[in-house]
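Those sequence lines, one after another, are chains A and B.
FYI, the numbering for the first sequence is 1 to 334, going by the UniProt record's numbering.
FYI, the numbering for the second sequence is 1 to 334, going by the UniProt record's numbering.
C-beta: ideal position from N, C-alpha, C; glycine also.
For reference, the structure discussed in these notes is given below.
Protein chains: 2
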Amino acid sequence: MRITTNFRKISSVLGVAGLVALSGNLLADDGFHSKYANRFEPLPAISPIPANNSLTEAKVELGKMLFFEPRISASGVISCATCHNPALGWTDRIPRATGHAAQVGERNTPTVLNSGFFTAQFWDGRAADLEEQALGPIEADIEMNMSLDDAIKRLKGFDAYKEAFARAYGGNGEKQITPNNVAHAMASFQRTLNTPNSPFDRYLRGDLEALTDQQKRGMALFSDSGCGACHTGPALTDSYFHVIKVPGSTDLGRYLVTNNEADKHAFKTPTLRNVAVTYPYFNNGGTATLEEAVQVMGREMLGREYKKKQVDDIVAFLHSLTGEMPHIEIPALP
Amino acid sequence: MRITTNFRKISSVLGVAGLVALSGNLLADDGFHSKYANRFEPLPAISPIPANNSLTEAKVELGKMLFFEPRISASGVISCATCHNPALGWTDRIPRATGHAAQVGERNTPTVLNSGFFTAQFWDGRAADLEEQALGPIEADIEMNMSLDDAIKRLKGFDAYKEAFARAYGGNGEKQITPNNVAHAMASFQRTLNTPNSPFDRYLRGDLEALTDQQKRGMALFSDSGCGACHTGPALTDSYFHVIKVPGSTDLGRYLVTNNEADKHAFKTPTLRNVAVTYPYFNNGGTATLEEAVQVMGREMLGREYKKKQVDDIVAFLHSLTGEMPHIEIPALP
Chain A
1 MRITTNFRKI
11 SSVLGVAGLV
21 ALSGNLLADD
31 GFHSKYANRF
41 EPLPAISPIP
51 ANNSLTEAKV
61 ELGKMLFFEP
71 RISASGVISC
81 ATCHNPALGW
91 TDRIPRATGH
101 AAQVGERNTP
111 TVLNSGFFTA
121 QFWDGRAADL
131 EEQALGPIEA
141 DIEMNMSLDD
151 AIKRLKGFDA
161 YKEAFARAYG
171 GNGEKQITPN
181 NVAHAMASFQ
191 RTLNTPNSPF
201 DRYLRGDLEA
211 LTDQQKRGMA
221 LFSDSGCGAC
231 HTGPALTDSY
241 FHVIKVPGST
251 DLGRYLVTNN
261 EADKHAFKTP
271 TLRNVAVTYP
281 YFNNGGTATL
291 EEAVQVMGRE
301 MLGREYKKKQ
311 VDDIVAFLHS
321 LTGEMPHIEI
331 PALP
Chain B
1 MRITTNFRKI
11 SSVLGVAGLV
21 ALSGNLLADD
31 GFHSKYANRF
41 EPLPAISPIP
51 ANNSLTEAKV
61 ELGKMLFFEP
71 RISASGVISC
81 ATCHNPALGW
91 TDRIPRATGH
101 AAQVGERNTP
111 TVLNSGFFTA
121 QFWDGRAADL
131 EEQALGPIEA
141 DIEMNMSLDD
151 AIKRLKGFDA
161 YKEAFARAYG
171 GNGEKQITPN
181 NVAHAMASFQ
191 RTLNTPNSPF
201 DRYLRGDLEA
211 LTDQQKRGMA
221 LFSDSGCGAC
231 HTGPALTDSY
241 FHVIKVPGST
251 DLGRYLVTNN
261 EADKHAFKTP
271 TLRNVAVTYP
281 YFNNGGTATL
291 EEAVQVMGRE
301 MLGREYKKKQ
311 VDDIVAFLHS
321 LTGEMPHIEI
331 PALP
């Protein structure tokens, strides 16, 4: 029962957080904390839970099964975990996603980690929340390429799923195997995939030793440069859309959802949480290193050219955003 | 440190086994145990360790990283775990393996579980042991499609691998990243992927309640029919080659390795351990259910037509061969 462990961990982290925050007040300042810490928010161990999808262990366990389930793809070999690979920061670390029949999509796979903190999903925000997002990749012809009808039929073929849906939603398990319930279970599982307690979070909570001097300089430059205008909130994203043309991209982005001229080449601000382990970067995955990514962002979004030392400081800071990875044991599927 | 848990589990299982075997001697016979139990061997928790590849925790941990590592494939998205999927009985549960560029191979993916007990590897035995087997799929153009030179170069690009190879083999980590050491680490990891303590094992060790009456009848029929001539030893395979033409297969099998006429259409006896969760069946994966598989084996190998009730009994017995799956936490790769 790994999820029990996760729940236990979550509560223990919250406990530690409280203690550290308390003791932090007693520490001497390092010249950065008093000025910058209140510009940021530490990452909570659990993301907001919507009123219409209470988080239960049964839903999380079911969602985990579904996340690793390749039989809801046309080929029978692609699951959510294929591109959102837990071994690779819950993304695939290739420029653009490879899906059904080895087709390569237009966009870089975003990490699932901390996605419960976003208020828009996908690069173009075409889903508002994880419940809306969950079913898209199953049906997308370049991803899993299976109709929801077929996916539901496949799941109904397994007694273990009937039992798991009954545990999660009560009543007759077979009847509970619906697209809506699939989406709710997957969303519940994803809301547990958070990475609290990064060096940066420990620093914000008062552990002045958690960051190196270089990382503190990077944090200050990040904040003073205005990066935090978009990279804000606990997941360091506003979940909002901004026009950006990164090297090699012609993607119209948000425009394809809204048909609004102003949204041409607009993309959702990606989270910076775990950014050091979710390379390559940007909507087209065309930028391999954090150093290049920081330079591109300086030029495109801030109209400035960072010096090498500045880039190095910001990159050092970004490395401090790698948190504790969720401990996931692979489920044995029926 | 999941592997620590595995080691702990292995020793606890051995302990339980000893106790159960002891108490078993004191139990009344059920009319089957005294006659049949000594025709079989329970599955040990660890497979034989070769003298030239001692099993160490560092090698197992490294082997686990490599097993989940897709960057040693040309596409960057295929790892050992893609086809030997831990969620699916360490196989893929499709008829024939899907590999590089969505190519479909000729043969069904064998499970990795308990493969350390085999004295020949692959369906055609072209590798003698896990060390010889490990590198084949990396280079195969329809599997991972990467030259070993390129794979070694990729691994050398990660500090985490340099450190892991140094931990496993000592000395300079970068220099230790060699095909031989990759193979030894993967083989070490695979030797921990065993499934002891199935109902059948508990029965053999004296727990007469571990099998149902139907399963005991199936065990007796399995043995009396001669299935055990090939399905023998702890993994219920002789690791030897037998001519068999299963429905839909034209594969020349072992002949392609030996060029010996007698080996045409000969394939290695597959393990029956966990056979209920490693469907579909046979070298071409062309048989979907255990019921059909038992009938095919009766006809092709034993020249007999099992009655429906007999098939059901044997299938019930085969279900008792599903053991405890290894608990594997997905490693966080660099």
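Report task. To the nearest angstrom, report how far apart B:Glu-163 and A:His-231 are at their CA atoms. Result -> Locating residue 163 of chain B in the second sequence gives position 163, counting from the first residue. Locating residue 231 of chain A in the first sequence gives position 231, counting from the first residue. Spanning the two alpha carbons is a distance of roughly 34 Å.
Query raised in the report: Where does the unbroken alpha helix (DSSP H) through B:Ala-151 begin, and where does it stop?
Result: Here the question's residue 151 of chain B lines up with position 151 in the second sequence. Per DSSP, B:Ala-151 is one residue of the alpha helix (DSSP H) stretching across 148-156.
Query raised in the report: Near B:Ser-73, what residues of its chain come up, given a Cβ to Cβ distance below 6 Å and the 5 sequence neighbours on each side ignored?
Result: Residue 73 of chain B sits at position 73 when you count from the first residue of the second sequence. Taken in chain order, the residues that qualify are Met-144 and Met-146.
Query - Neighbourhood of B:Ile-177 by C-beta distance below 8 Å, restricted to the same chain and skipping five residues each side - result: For the purposes of this step, residue 177 of chain B is taken as residue 177 along the second sequence, with counting starting at 1. Ile-152, Leu-155, Lys-156, Tyr-161, Lys-162 and Phe-165.
Report task. Return helix, strand or coil for A:Lys-264, following the three-state DSSP convention. Result -> Numbered from its first residue, the first sequence carries residue 264 of chain A at position 264. It is coil, neither helix nor strand.
Query raised in the report: Name the chain B residues whose beta carbon is nearer than 8 Å to that of A:Pro-331?
Result: By one-based count along the first sequence, residue 331 of chain A stands at place 331. For a Cβ distance threshold of 8 Å, residue set Ala-87 of chain B lies close to A:Pro-331, ordered along the chain.
Query raised in the report: Applying a beta-carbon distance threshold of less than 9 Å, which residues of chain B neighbour A:Thr-91?
Result: Position 91 of the first sequence, counted from the start, is the residue given in the question as residue 91 of chain A. Within 9 Å Cβ-Cβ: nothing; A:Thr-91 doesn't reach chain B, min ~11 Å.
Query raised in the report: Going along the chain, which residues of the segment 63-76 of chain A sit with their C-beta nearer than 9 Å to a C-beta in chain B?
Result: Of all residues in the segment 63-76 of chain A, Met-65, Phe-68, Glu-69, Pro-70, Arg-71, Ser-75 and Gly-76 have a Cβ within less than 9 Å of some Cβ in chain B.
Query raised in the report: Using a Cβ-Cβ distance under 9 Å, would B:Phe-158 count as near chain A?
Result: Within the second sequence, residue 158 of chain B is the residue found at index 158, counting from 1. It does not: the Cβ of B:Phe-158 has no partner Cβ on chain A nearer than 9 Å.
**Report entry** B:Leu-22 classed as buried or exposed, judged by whether at least 16 other C-beta atoms fall within 10 angstroms
**Finding:** On the second sequence, residue 22 of chain B is found 22 positions in, with the first residue counted as 1. Its pLDDT being 48, under 50, B:Leu-22 is placed unreliably in this model, and the coordinates cannot settle the point.
Requested in this report: Examine chain B for any beta-carbon lying closer than 9 Å to the beta-carbon of A:Val-275, and answer yes or no.
Outcome: By one-based count along the first sequence, residue 275 of chain A stands at place 275. Not an interface residue.
Requested in this report: Spatial neighbours of B:Ile-328 within its chain, please: CB distance less than 6 Å, with the 5 preceding and 5 following residues excluded, ordered by chain position.
Outcome: Here the question's residue 328 of chain B lines up with position 328 in the second sequence. So the qualifying residues of the chain are Pro-86.
Requested in this report: Give a yes or no on whether the C-beta atoms belonging to A:Ser-47 and A:Asn-194 are separated by under 9 Å.
Outcome: Working through the first sequence from its first residue, we reach residue 47 of chain A at position 47. Working through the first sequence from its first residue, we reach residue 194 of chain A at position 194. Going by C-beta atoms, A:Ser-47 is nearer than 9 Å to A:Asn-194.
Requested in this report: Note down, one range per segment and in chain order, each beta strand (DSSP E) of at least 3 residues found wholly within the UniProt domain "Cytochrome c" (213-322) of chain A.
Outcome: 241-243 and 266-268
Query raised in the report: Of all Cβ atoms in chain A, is any one closer than 9 Å to the Cβ of B:Ile-142?
Result: In the second sequence, the residue the question calls residue 142 of chain B occupies position 142. So no, B:Ile-142 is outside the interface.
Query raised in the report: Are the beta-carbon atoms belonging to B:Tyr-36 and B:Ala-220 less than 9 Å from one another?
Result: As a working note, residue 36 of chain B is residue 36 in the second sequence. As a working note, residue 220 of chain B is residue 220 in the second sequence. Their beta carbons are under 9 Å apart, which means B:Tyr-36 touches B:Ala-220 by this criterion.
Query raised in the report: Who are the Cβ neighbours of A:Gly-24 in its own chain at under 6 Å, not counting the five residues just before and after it?
Result: On the first sequence, position 24 is the one that residue 24 of chain A refers to. At A:Gly-24 the pLDDT is 48, less than 50, meaning the model places this residue with poor confidence and gives no usable figure here.
Requested in this report: Following the continuous alpha helix (DSSP H) through A:Gly-63, name the residue where it begins and the one where it ends.
Outcome: One-based indexing of the first sequence puts residue 63 of chain A at position 63. 57-67 is the span of the alpha helix (DSSP H), which, as asked, contains A:Gly-63.
Query raised in the report: Under a three-way DSSP split, which group does A:Asn-6 fall into?
Result: Reading the first sequence from its first residue, position 6 is the one you call residue 6 of chain A. Unreliable placement is indicated for A:Asn-6, whose pLDDT of 47 sits below 50; the coordinate value is still reported in the next sentence. A:Asn-6: helix per DSSP, three-state reduction.
Requested in this report: Can you give me the start and stop residues for the alpha helix (DSSP H) that A:Asn-181 sits inside?
Outcome: One-based indexing of the first sequence puts residue 181 of chain A at position 181. Taken as a continuous stretch (DSSP letters only), the alpha helix (DSSP H) holding A:Asn-181 covers 179-190.
**Report entry** Among B:Leu-272, B:Ser-75, B:Val-243 and B:Glu-106, nearest to B:Ala-262 - alpha-carbon criterion
**Finding:** For this step, residue 262 of chain B is matched to residue 262 along the second sequence. Selected option, being the one with the closest Cα: B:Val-243.
Query raised in the report: Do we get a CB-CB distance below 9 Å when we pair A:Val-102 with the residues of chain B?
Result: Within the first sequence, residue 102 of chain A is the residue found at index 102, counting from 1. First, the residue type needs correcting, since residue 102 of chain A is Ala and not Val in the sequence shown. Taking CB atoms only, A:Ala-102 has a neighbour in chain B less than 9 Å away.
**Report entry** CA-to-CA distance, A:Ala-183 to residue 338 of chain A, given in whole angstroms
**Finding:** Shown here, chain A extends from 1 to 334; a query on residue 338 of chain A therefore has no answer.
Query - Meets three-Cβ-pair contact criterion under 8 Å: the segment 223-241 of chain B and the segment 110-123 of chain B - result: Contact holds: three or more Cβ-Cβ distances are below 8 Å.
Report task. State the DSSP-derived secondary structure class of B:Thr-82, mapped to helix, strand or coil. Result -> Locating residue 82 of chain B in the second sequence gives position 82, counting from the first residue. Helix.
Report task. Kindly indicate which three-state DSSP category A:Arg-205 falls into: helix, strand or coil? Result -> In the first sequence, counting from the first residue as 1, residue 205 of chain A sits at position 205. A:Arg-205 falls in the coil class under three-state DSSP.
Query raised in the report: Counting pairs of beta carbons, one from the segment 123-142 of chain B and one from the segment 253-268 of chain B, are three or more of them closer than 8 Å?
Result: Three or more Cβ pairs drawn from the segment 123-142 of chain B and the segment 253-268 of chain B lie within less than 8 Å of each other, which places the two stretches in contact.
**Report entry** Closest residue to B:Asp-149 among B:Asp-313, B:Leu-55 and B:Arg-71 (Cα-Cα distance)
**Finding:** To locate residue 149 of chain B, count along the second sequence from 1; it is residue 149. It is B:Arg-71 whose Cα lies nearest to the Cα of B:Asp-149.
Query - Minimum C-alpha distance to B:Met-186 - residue among B:Ala-45, B:Glu-41 and B:Lys-59 - result: The sequence position of residue 186 of chain B within the second sequence is 186, counting from 1. That would be B:Lys-59, whose Cα lies nearest to the Cα of B:Met-186.
Query raised in the report: Does DSSP put A:Ala-166 in a helix, a strand or coil?
Result: Position 166 of the first sequence, counting from 1, holds the residue named residue 166 of chain A. Looking at A:Ala-166 - three-state DSSP - the assignment turns out to be helix.
Query - Residue span of the alpha helix (DSSP H) that contains A:Ser-34, given as start and end - result: As a working mapping, residue 34 of chain A is identified with position 34 in the first sequence. First-last of the alpha helix (DSSP H) with A:Ser-34: 33-36.
**Report entry** Status (buried if at least 16 other CB within 10 Å, exposed otherwise) for B:Arg-304
**Finding:** The count along the second sequence starts at 1 and reaches residue 304 of chain B at position 304. B:Arg-304 is exposed by the Cβ-count criterion.
Requested in this report: Please name the residues in the segment 123-139 of chain B whose beta-carbon is closer than 8 Å to at least one beta-carbon of chain A, in chain order.
Outcome: Hits within the stretch: zero.
Query raised in the report: Would you say A:Phe-189 and A:Ile-314 are within 9 Å of each other, going by their C-beta atoms?
Result: Here residue 189 of chain A is taken as the residue at index 189 of the first sequence, counted from 1. Here residue 314 of chain A is taken as the residue at index 314 of the first sequence, counted from 1. Annotated as distal: A:Phe-189 and A:Ile-314, with beta-carbon spacing of 9 Å or more.
Report task. With DSSP as the reference, label A:Glu-139 as helix, strand or coil. Result -> Within the first sequence, numbered from 1, the residue matching residue 139 of chain A stands at position 139. Reduced to three states, the DSSP call for A:Glu-139 is helix.
Query raised in the report: For B:Gln-176, which beta-bridge partners are listed by DSSP?
Result: Here residue 176 of chain B refers to the residue found at position 176 of the second sequence. B:Gln-176 is not bridged to any residue.
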